[in-house]
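Colleague: This is the structure I have questions about; it appears just below.
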Amino acid sequence: MLRDISLEEAQRQINSLVSTLGTEELPLEELMGRVLARDYVAPRDLPASTQSAVDGFALGDTASSTSSYIVKGYLELGDSPDQAIGPGEAMGVMTGGLLPPGCVAVVQHERTNWQDGKLRVLEQVKIKQNIKQAGEDFVCGELLLRRGSCLDPGSIALMAAYGINSAPVYRRPRVNVLAMGRNVVAPRTNPQTGQTRDVNSPLLGALIQRDGGVLGSALLASNKDVPEIAASLEFLLNDSDLLITSGGTYTRGDDNLLRVLEQKGMQMVFWGVNLMPGSHCGLARRGKQFILLLSGNPTACFVGYNLFASPLLQKMQGLESNLLRQNALCLNGFNKKSGSRRFVRAKLYSSEQGWVVEVLPGQKPSMIRSMLECNALIDVPAGSLGLGAGEQVSVIPLYRSTEVRNLLNNTEK
Numbered sequence: 000m001l002r003d004i005s006l007e008e009a010q011r012q013i014n015s016l017v018s019t020l021g022t023e024e025l026p027l028e029e030l031m032g033r034v035l036a037r038d039y040v041a042p043r044d045l046p047a048s049t050q051s052a053v054d055g056f057a058l059g060d061t062a063s064s065t066s067s068y069i070v071k072g073y074l075e076l077g078d079s080p081d082q083a084i085g086p087g088e089a090m091g092v093m094t095g096g097l098l099p100p101g102c103v104a105v106v107q108h109e110r111t112n113w114q115d116g117k118l119r120v121l122e123q124v125k126i127k128q129n130i131k132q133a134g135e136d137f138v139c140g141e142l143l144l145r146r147g148s149c150l151d152p153g154s155i156a157l158m159a160a161y162g163i164n165s166a167p168v169y170r171r172p173r174v175n176v177l178a179m180g181r182n183v184v185a186p187r188t189n190p191q192t193g194q195t196r197d198v199n200s201p202l203l204g205a206l207i208q209r210d211g212g213v214l215g216s217a218l219l220a221s222n223k224d225v226p227e228i229a230a231s232l233e234f235l236l237n238d239s240d241l242l243i244t245s246g247g248t249y250t251r252g253d254d255n256l257l258r259v260l261e262q263k264g265m266q267m268v269f270w271g272v273n274l275m276p277g278s279h280c281g282l283a284r285r286g287k288q289f290i291l292l293l294s295g296n297p298t299a300c301f302v303g304y305n306l307f308a309s310p311l312l313q314k315m316q317g318l319e320s321n322l323l324r325q326n327a328l329c330l331n332g333f334n335k336k337s338g339s340r341r342f343v344r345a346k347l348y349s350s351e352q353g354w355v356v357e358v359l360p361g362q363k364p365s366m367i368r369s370m371l372e373c374n375a376l377i378d379v380p381a382g383s384l385g386l387g388a389g390e391q392v393s394v395i396p397l398y399r400s401t402e403v404r405n406l407l408n409n410t411e412k
């Protein structure tokens, strides 16, 4: 077991030990937000043939505002044109319909009128106007969707356009939660003197769902003795890919927890990470099952989840699991009392100055205030005394990896 390691070493352990879960085939209507488990290549051009983009008239030559045409007929949707048109000739067409040979442009109905039995065009029409060329969207053989991409509404539309009615996706990890603490009571309970409501279970549940996990059971072990912890772990390990615990990781309480994990056949990967808040954390495994042990302080739990659980869940779902980094201009200062490496809750956004970040108020590990509007963590190096306003800092955005990668890449173009 590794002890008191760096964040980078902890991430290396996660990347080397955690593997992608199996796949499942889902219908098109259930694919939103899921991670694709195979590549898709265009089997044909899209559109497959040259089509009209509007309801109107196919023209045999380009038109000016005084041009008139003899209409040779009308093509309904599904008709195969067998009659060509030439200069001074037109044919009625519909949106998505095939075009007659000789068509160089299409004019909309509302841009025409009839005069002396001929079709008169009321505006100048340029070559290829209102024509959808075969393959102008996608070309046969082009990569449509890449394995490991998170499916969004555009992806769903593209699959529908190609008649892809189902697709293999990586299974969503099932995650259970165990909160521990002698003075912790359920959220719906009125706490007595010296007691506090369980904040971490709802917090972790929300974060798990944000990251694509399936929230299973959540239990509260308020006594933290060996029998209660053992019974809770036994139940929660039955049907989970990942179990996240909060609390019970402080030096005087970790012996019981480690003893129970050993009894359950769990192998400790690491215990203790050199960072604040939340240095009392660890990772254990049993086969392909994992237990992540986080601090009981709410914001320490929040930071630990985003640094360890979020990449772990992304790896299980076939997503890029490395923590993303973005340099940003810090708008306000932060004084650090200790020389430890610290992760400061912050708000990251794009402005005329580029990427900027604000340190949020309430940075104590027990304070919830700093989680409000928090979408990033500022990495304050060990040995520094804090942050100064106007300083360039390294920021970890807190989004699912594909979403934030696209956001950052598009902004930098």
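Just so we're aligned: 311 in numbering that gives the first Met the number 0 is position 312 of the sequence shown, and the numbers increase by one with no gaps anywhere. Every residue, glycine too, gets a C-beta built ideally from N, C-alpha and C.
1. Residue 426: buried (16+ other C-beta within 10 angstroms of its C-beta) or exposed?
2. Taking three-plus beta-carbon pairs below 8 Å as touching, is the stretch 328-335 in contact with the stretch 367-383?
3. To test your reading of the DSSP string, which unbroken beta strand (DSSP E) runs of 3 or more residues are found completely within the stretch 125-170?
4. Can you list, in chain order, the residues of its chain whose CB lies under 7 Å from that of residue 182, leaving out five sequence neighbours each side?
5. What is the rounded straight-line gap between the Cα of residue 227 and the Cα of residue 179?
6. Within 10 angstroms of the Cβ of residue 200, are there 16 or more other Cβ atoms? Answer buried if so, exposed if not.
7. Out of 266, 43 and 315, which one is the CA nearest neighbour of residue 143?
8. Using the DSSP secondary-structure output, state which residues sit across from residue 88 in a beta bridge.
9. Taking all protein chains shown into account, do 16 or more other C-beta atoms lie within 10 angstroms of the C-beta of residue 146, making it buried, or fewer, making it exposed?
10. Judging by CA-CA distance, which residue of 20, 0 and 185 is the nearest neighbour of residue 313?
11. Taking all protein chains shown into account, do 16 or more other C-beta atoms lie within 10 angstroms of the C-beta of residue 335, making it buried, or fewer, making it exposed?
12. Over what stretch of residues does the beta strand (DSSP E) that includes residue 117 continue unbroken?
13. In whole angstroms, what is the alpha-carbon distance linking residue 418 and residue 358?
14. Determine the DSSP secondary structure at residue 31, reduced to helix, strand or coil.
15. So, using beta-carbon positions, are residue 307 and residue 9 closer together than 8 Å?
16. Which partner residues does residue 24 have in the DSSP bridge list?
17. Near residue 70, what residues of its chain come up, given a Cβ to Cβ distance below 6 Å and the 5 sequence neighbours on each side ignored?
18. Does residue 111 pass the burial test, meaning 16 or more other C-beta atoms within 10 Å, or should it be called exposed?
19. On the three-state DSSP scale, how would you describe residue 285?
20. In terms of residue numbering, what span does the beta strand (DSSP E) encompassing residue 468 cover?
21. Where residue 252 and residue 351 are concerned, what is the direct C-alpha to C-alpha distance, given to the nearest angstrom?
22. Spatial neighbours of residue 396 within its chain, please: CB distance less than 7 Å, with the 5 preceding and 5 following residues excluded, ordered by chain position.
23. Contact between the stretch 262-273 and the stretch 206-220: three or more CB pairs below 8 Å?
24. Using the beta-carbon count (16 or more within 10 Å), is residue 296 buried or exposed?
25. Taking residue 280 as part of the alpha helix (DSSP H), name the residues at either end of that continuous run.
26. What is the residue span of the alpha helix (DSSP H) that residue 14 lies within?
27. At the level of alpha carbons, what is the spacing between residue 82 and residue 126?
28. If residue 245 and residue 294 are in contact, beta carbons under 8 Å, what's the gap, nearest whole angstrom?
29. Among the candidates 315, 390, 367 and 304, whose CA atom is the shortest distance from the CA of residue 169?
30. Based on the DSSP output, what are the partners of residue 376 in its beta bridges?
Modeller: In terms of the structure at hand:
1. Residue numbering for the chain in the displayed model covers 0 to 412; residue 426 lies beyond these limits and cannot be assessed.
2. yes
3. 142-144 and 165-169
4. 193, 194 and 195
5. 10 Å
6. buried
7. 43
8. 69
9. exposed
10. 20
11. buried
12. 117-120
13. No statement about residue 418 is possible, as the shown extent of the chain runs from 0 to 412 and does not include it.
14. coil
15. yes
16. 167
17. 89 and 118
18. buried
19. strand
20. Since the first residue shown for the chain is 0 and the last is 412, residue 468 is missing from the structure and cannot be characterised.
21. Here residue 252 scores only 48 on pLDDT, less than 50, and its place in the model is too uncertain to base an answer on.
22. 323, 325, 347, 374, 375 and 403
23. no
24. buried
25. First-last for residue 280: undefined, no H or E at that position.
26. 6-16
27. 20 Å
28. 7 Å
29. 315
30. 344 and 395
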